[in-house]
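A.B. asks:
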Amino acid sequence: MRLFSSFTSITTMLLLASCVTINIYFPEAAAEKAADRIIEDVWGEDAANTPATPSENEPQSQLNKHLPVAMQLLNWLVSPAQAQADININSPAITALQAKMKARHEQLQPFYQSGAIGLTQDGLVTLRDAKAVALKDRNVVNTLIAEENQDRKALYAEIARANGHPEWQNDIQETFARRWISNAAKGWWYQQNGSWQQK
Amino acid sequence: MLFRNSQLIVTALFLLLVSFSVAAIESARLQFGSLQYADIDLSQLDITFSLDKNGLAMQATADKFVLANHQLTNLSLQCQQFKIATKFWQCRQGQLAFTHKTLGQQQFKLSFTANTDTKDYQLEIDPLMIANGQLQVSLQLNDNKWQTTLKSQHLDASELIVLLMQLLPDRNFSAIKDWQPQGAISGTADLSGRGAQLNAADIQLTSADFGFSDESGNHVGETLDMALAVNAAYQHDWQLQATVAVNNGQSYWAPVFLDFQQTPVQLSLKALFQPESQRWQLKDIKFQQQGVLSATGAVQLDQKQLQKIEVVIQPSPLSAIYQWWLQPFAAGTAVAKATASGQIAGKLDWQPDQLQLDVDLQQLTISDNAGRFAIDGLDGQFAWTSGQTKMPVNLRWQQINFGALPIGASSLQADVANNQLALTQELDLPLLDGGLQISDFNYQYAAAGSHWQFEGLLKPLSMQALTNALGWPEMDGKLSGVIPRVSYQDQQIDIDGALQVKVFDGTAIIKDLQLQSPFGSLPQLRANIDIQQIDLEQLTRTFDFGKISGRLDGSISDLRLSDWQPVQFDARFATSENNPGKRRISQRAVDNLSQIGGGASGLMSRSFLRFFEDFSYNKLGIRCQLNNEVCHMSGIEEDEQGYYIVKGGGLPPWINVIGYTRRVDWPDLLTRLQAVKNSDGPIIE
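As you go down the protein sequences, you meet chains C and W in turn.
Everything in the first sequence is counted per our numbering, starting at 20 for the first residue and increasing by one.
Everything in the second sequence is counted per our numbering, starting at 613 for the first residue and increasing by one.
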């Protein structure tokens, strides 16, 4: 009995240890889901509702190959918990940012449509074609872009912080970059490998 | 090139006529199948001279006339008054018609005089139909001195460039063409020179609906109505005077947008250009933007590189300067959307890696449209320099607001040198009934990122005034603090030292304060707070929570506010171990505590307990770890299923409050706290 209990405590320790290991990895699928929820809210009907393709190559599975069998087993046991790892986006700060971006989208929408503003590959927006904007509106657009990018950066950082992993900021930004583009409406412009493409 | 060609035509015709020495007869006709002389090539030339009472008239036609690679076809020349003598001939009231592949079909009045003896030549063309408009040309040539007057009407700028590129393929017009000029140009140009050298120019042009744009569309003019006058003379150097007035249209010179209908612009300047050193000296520059800005200045360029700029701005309204000239550069900053008024005047001197700025401020008011900050009644002198000579800064203001916090009238004295501003006198900022004393303030500008720091002392200010200003429940007590260092770098303010809040007869120490992007999208504030010996009686009275007596210790660690809302902390509060005192809790407080705990109250029996007004307790405490909108609750001691929030003890009657909910939704909890605050007290049956 005593042996059993010490065995279980070792197992627990191992489980805990492997939990810690797994937690380091960024929960890609959950992040995509969270991104889609925000994007659908911000863009409303403009979001094209492209379902996220699940990432096939989780870094964890690559790591497994180099682990002892026992650890692999443990990881397997623990993986359901890992799969449930969620990206929480319910914080007043995130909600406030989301509301600001949603309100701004009304103003940005015609410029996405006209190709004046395009989506960058790092999850921001930029002035793509200045000529598509009337001179008097140029600075309105510049300000909109600056504000939108400020809010987007703040959003990525806040999601990472709110989920207790400030170091995830870049991963979150990359996830969002992909999801903004996937969700973009027909006719909008986005950057791919440095050149502009139209949806 | 054109002039030389004209000269050749004239000379060639002259030679041709002389060589045939026509006698005074009534009519003569000459026909040539082909005629070649120098680089002139004529075919099917047919000339008829006729003499009538008005004198000699000439009529000539040719199928083809080639001169210096320019081919004219269907050529026809008529001269009503033709004079010819040795080394002199003249055509008046002439008509010339021809077809040219670039100039198209042309027919215009022509007069010319040629005197090969005195080498005087005159030519008048009225008008050449080019670029959707008309061009009148008048040319006088003496030896190699020449003078020409060009009068244009509605020449289309874009067509004109295309035409010039075709006519003069060896000249480079692409620099002009890249700006895509459009619109009609009318005006007069008087030009004179010697040989290929232009010596003087007097140009007056007006344009209607003029426009230009560079490739990127970042430098654009549209529908501009402009008047341009240039007077230039060459004598070793070029001396120039120019005025431009723009009364209509718009322009965008990233990021500055100007609407000339709203604010017409006038610019005049004198310039000296030294061709050898490629030096431009612009002086007496006067820039006047109606209702916005009035400035004078000077500029020097060497080899197209800016060497010197001097600008003096006359007192001008800040609201207009902000709208047209400052706001465009402020996109994405704290002052991107603000309202400004007052007057500024100033002087700017710039040389490569040297800047000196001196600005006079008069009754400025600047307020953020989002209400984050405002400054009122700002007066004085602001200066900036990258040089070593110190320049004084003296500023006074009536009031500054940071959010709801008002800073009263005060003044700032500082010196600027080497891109650095340092206080010369302690800065006293009155804050409510206390104040913030700032010494050793130092601001260093750097292209990679500016930073500043200061030492501070927070003179005691009453919590009553502070809580009122912030719209919080009124508290008694004092806030004070010694702040050894406040520093700012990379959008982050770090506050060393501690702020001490004397409140509820206890102390709260706020330390490790850190503020990130205070004016950004999502200001972040982090701090650790230690709480000692708070009098629960005062606390519960303030928040109308019932009545609890005793002393409370606690801490709020890893506190993070995002957008001024708490999103993360680990807060623990418990009765002081080392201050037993009298510990009693009222009926109402018990009920409120139970409500906060999600209603999972540990009341032993309501029906029995309602007879008691208060109970004694041994200890009480609560812990909330907030993360992700969820508060993980625990108490002072674990129970089998729950946790003790209040543990009874002492003289009976005593009471236990046990919480069972471990995870409490934070917004729910706030709502419940709000409900407690607003409730009239519990109803116990």
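Yeah, the Cβ is synthetic: ideal placement off N, Cα and C, and Gly gets one too.
#1: Taking 7 Å as the limit between beta carbons, can you name the residues of its chain near Gln-902/W, skipping five residues before and five after?
#2: Any beta-carbon of chain W closer than 8 Å to the one on Ser-110/C?
#3: Put Gly-1193/W into one of helix, strand or coil per three-state DSSP.
#4: CB Ala-1201/W to CB Thr-1152/W, shorter than 8 Å?
#5: For a contact meaning CB atoms closer than 7 Å, what does Lys-166/C contact in chain W?
#6: Using alpha carbons as the reference points, say which of Val-842/W, Val-904/W and Ser-828/W lies closest to Tyr-864/W.
#7: Classify His-831/W as helix, strand or coil using the three-state DSSP reduction.
#8: Would you call the stretch 774-791 of chain W and the stretch 724-740 of chain W touching, i.e. three or more CB-CB distances under 8 Å?
#9: What residue from Leu-689/W, Thr-728/W and Gly-706/W has the CA that sits closest to Ala-697/W's CA?
#10: Threshold first: 4 residues or longer. Then list the alpha helix (DSSP H) segments lying entirely within the stretch 655-716 of chain W, N to C.
#11: Mind checking if Leu-116/C is an interface residue toward chain W, Cβ cutoff 8 Å exclusive?
#12: Locate the alpha helix (DSSP H) running through Tyr-131/C, then write down its first and last residues.
#13: Is it buried or exposed, Ser-819/W, if we count other Cβ atoms within 10 angstroms and call 16 or more buried?
#14: Look up Ala-635/W in the DSSP assignment and say whether it is helix, strand or coil.
#15: Looking at the unbroken alpha helix (DSSP H) that takes in Glu-167/C, where does it start and where does it end?
#16: Quick check on Ile-191/C: does DSSP put it in helix, strand or coil?
#17: When the cut-off is 8 Å and only beta carbons count, does Asp-60/C lie next to chain W?
#18: Spatial neighbours of Asp-1106/W within its chain, please: CB distance less than 6 Å, with the 5 preceding and 5 following residues excluded, ordered by chain position.
#19: Take Phe-985/W and list the residues in its own chain whose beta-carbon comes closer than 7 Å to its own, dropping the five residues that flank it on each side.
#20: Given a cut-off of 8 Å on the beta-carbon distance, is the pair Trp-199/C and Gly-142/C in contact?
#21: Roughly how far, in whole angstroms, is the beta-carbon of Ser-1129/W from the beta-carbon of Leu-1164/W, given that I think they are within contact range, below 8 Å?
#22: Does chain C have any CB closer than 8 Å to the CB of Lys-1175/W?
#23: Please report the straight-line C-alpha distance between Pro-1085/W and Asp-1156/W, rounded to a whole angstrom.
#24: Should the stretch 1059-1066 of chain W be called in touch with the stretch 1015-1030 of chain W, which here means at least 3 C-beta pairs below 8 Å?
#25: Given that Ala-173/C touches chain W, what residues does it touch there, using C-beta distances under 7 Å?
#26: Using a 10 Å radius around the Cβ and a threshold of 16 neighbouring Cβ atoms, would you call Gly-1118/W buried or exposed?
#27: Alpha carbon to alpha carbon, how far is Ser-655/W from Val-678/W?
#28: Tell me the rounded alpha-carbon separation between Ala-813/W and Leu-852/W.
#29: Please name the residue or residues paired with Gly-909/W in a DSSP beta bridge.
#30: With a threshold of 8 Å between beta-carbons, can Gln-1286/W be considered close to chain C, or not?
#31: Assuming Gln-878/W contacts Gln-862/W (C-beta within less than 8 Å), just tell me the rounded distance between them.
#32: Is Gly-1158/W close to the ligand COA? I mean its beta-carbon at under 7 Å from any heavy atom of the ligand.
#33: Excluding the 5 residues flanking Leu-967/W on each side, which residues of the same chain have their C-beta closer than 6 Å to its C-beta?
#34: Using 10 angstroms around the beta-carbon of Leu-780/W, count the other beta-carbons present and answer buried if the total reaches 16, otherwise exposed.
#35: Which runs of the beta strand (DSSP E) at least 3 residues long sit entirely within the stretch 973-1019 of chain W? Give them in chain order.
#36: Taking the alpha helix (DSSP H) that Trp-62/C falls in, what are its first and last residues?
C.D. replies: Once the coordinates are examined:
#1: Thr-875 and Pro-876
#2: Closer than 8 Å: yes.
#3: Note: Gly-1193/W maps to coil in three-state DSSP.
#4: yes
#5: First, the residue type needs correcting, since residue 166/C is Glu and not Lys in the sequence shown. Neighbours of Glu-166/C across chain W, judged by C-beta separation under 7 Å: Gly-944.
#6: Nearest option by C-alpha distance: Ser-828/W.
#7: strand
#8: no
#9: Thr-728/W
#10: none
#11: yes
#12: 111-133
#13: Burial call: buried.
#14: In this predicted model, Ala-635/W has a pLDDT of only 46, less than 50, meaning its place in the structure is not dependable enough to derive any value.
#15: 157-181
#16: Residue state, collapsed to three classes: helix.
#17: no
#18: Ser-1099 and Gln-1126
#19: Hits under 7 Å: Asn-1013 and Phe-1014.
#20: Cβ distance < 8 Å, so Trp-199/C and Gly-142/C count as in contact.
#21: Not confirmed; about 34 Å, so no contact.
#22: The displayed chain sequence assigns Asp, not Lys, to residue 1175/W. Closer than 8 Å to some Cβ of chain C, the Cβ of Asp-1175/W qualifies, so yes.
#23: 10 Å
#24: no
#25: Gly-1132, Ser-1133 and Leu-1134
#26: buried
#27: Taking the straight line joining both Cα atoms gives about 9 Å.
#28: 9 Å
#29: Ile-897/W and Val-923/W
#30: no
#31: Not a contact, Cβ separation roughly 17 Å.
#32: For the ligand COA, the structure offers nothing, since it holds no ligand at all.
#33: Correct list, in chain order: Ser-998.
#34: The residue in question, Leu-780/W, is exposed, as its Cβ has fewer than 16 Cβ neighbours within 10 Å.
#35: 985-997, 1003-1009, 1011-1014 and 1017-1019
#36: 47-62
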